[in-house]
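Undergrad: Structure incoming, see below.
Residue numbers (this note's numbering): 646 to 896.
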């Protein structure tokens with residue numbers, strides 16, 4: 646019966662024809678793994694070239710599902726306007742909903758509005774309120790780009806994707822990969838239970854109280870921006886980047 650311990654599901658023509666889901670396919674051939682690594686590298690270079698000169702950014706995360714009539718959409722629109730008034734670039738995931746609203750607020754107020762879009766069946770088209778955008782194939786590459794160019798982060802109500810982005814950012818702050826990067830969590834009603842859970846984690850000792858010092862839960866755009874600007878004025882120095890002619894770069 647030892648053969649039962651090493652049995653692996655086999656991908657056959659019959660299973661494919663039958664429409665069965667295939668799991669645990671295992672490692673791909675080495676040449677395919679190399680091809681994937683090269684595609685990832687190309688995606689990073691594409692993002693770096695597109696976003697290198699967009700200026701100091703504040704990234705706004707949030708659901709793609711809220712429409713213009715929703716209160717969260719209007720709140721994000723106001724946040725985009727506030728970011729523009731402070732002279733920062735509003736950077737989002739480039740799609741609809743909260744992302745569109747933040748881009749729209751910046752765009753309508755003369756600010757720099759940029760997006761890092763993702764190829765998805767329901768979100769593959771960028772919103773019309775961006776002066777510049779790049780479309781990325783992989784989620785993890787997109788997350789790196791959204792974090793890489795930002796001085797602060799604003800998190801609006803959202804689903805799994807927004808939670809992923811929020812906790813990725815918190816993890817990077819906690820581990821010191823990014824330091825003194827303020828995080829504003831908008832709408833106390835939506836996120837209060839989550840914040841209570843985070844405080845309970847502090848009480849249990851799984852995270853420290855210091856980890857939450859940079860997180861502000863608020864319903865007020867001005868309070869959120871004041872929290873961000875306090876850290877920016879104290880800790881950050883913004884240096885302008887010059888394009889390299891030999892890399893065919895343009896601002």
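Note that CB positions come from ideal geometry on N, CA and C, so glycine has one too. Just so it is clear, the structure is predicted and the values come from calculations on it, not from any experiment.
1) Please work out which residues of its chain come closer than 7 Å, Cβ to Cβ, to residue 701, disregarding the five sequence neighbours upstream and downstream, and give them in chain order.
2) Specify the secondary structure class of residue 806 as computed by DSSP and reduced to three states.
3) Mind reading off the beta-carbon distance from residue 706 to residue 798? Whole number of angstroms is fine, and I expect it under 8 Å.
4) Less than 6 Å between C-beta atoms, sequence neighbours within five positions excluded: which residues of the same chain meet that for residue 854?
5) Can we say the stretch 708 to 715 touches the stretch 737 to 753, given the rule of at least three CB pairs closer than 8 Å?
6) Report, in whole angstroms, the separation of the C-beta atoms of residue 722 and residue 749, which I expect to be a contact under 8 Å.
7) With DSSP run on the structure shown, which of helix, strand or coil describes residue 786?
8) Mind checking which residues open and close the alpha helix (DSSP H) that includes residue 796?
9) With distances taken from CA atoms, which of 802, 761, 858, 751 is nearest residue 731?
10) When the distance is taken between beta carbons, is residue 896 closer than 8 Å to residue 698?
11) What residues match up with residue 758 in a beta bridge as DSSP calls it?
12) So for residue 843, helix, strand or coil by DSSP?
13) Can you grab the Cα-Cα spacing for the pair residue 915 / residue 866, in whole Å?
14) Considering only residues of the stretch 685 to 714, which uninterrupted beta strand (DSSP E) runs meet the minimum length of 3 residues and lie entirely inside it, listed in chain order?
15) My output table needs one value for residue 820: the three-state DSSP class, helix, strand or coil.
16) Quick check: the Cα distance between residue 803 and residue 810, rounded to an integer number of angstroms?
TA: According to the structure data:
1) 733, 734, 796, 883
2) helix
3) 7 Å
4) 847
5) yes
6) 6 Å
7) helix
8) No alpha helix (DSSP H) contains residue 796, which is instead part of the beta strand (DSSP E) from 795 to 800.
9) 751
10) yes
11) 735
12) helix
13) Limits of the chain in this structure are 646 at one end and 896 at the other, which puts residue 915 out of reach.
14) 702 to 706
15) coil
16) 10 Å
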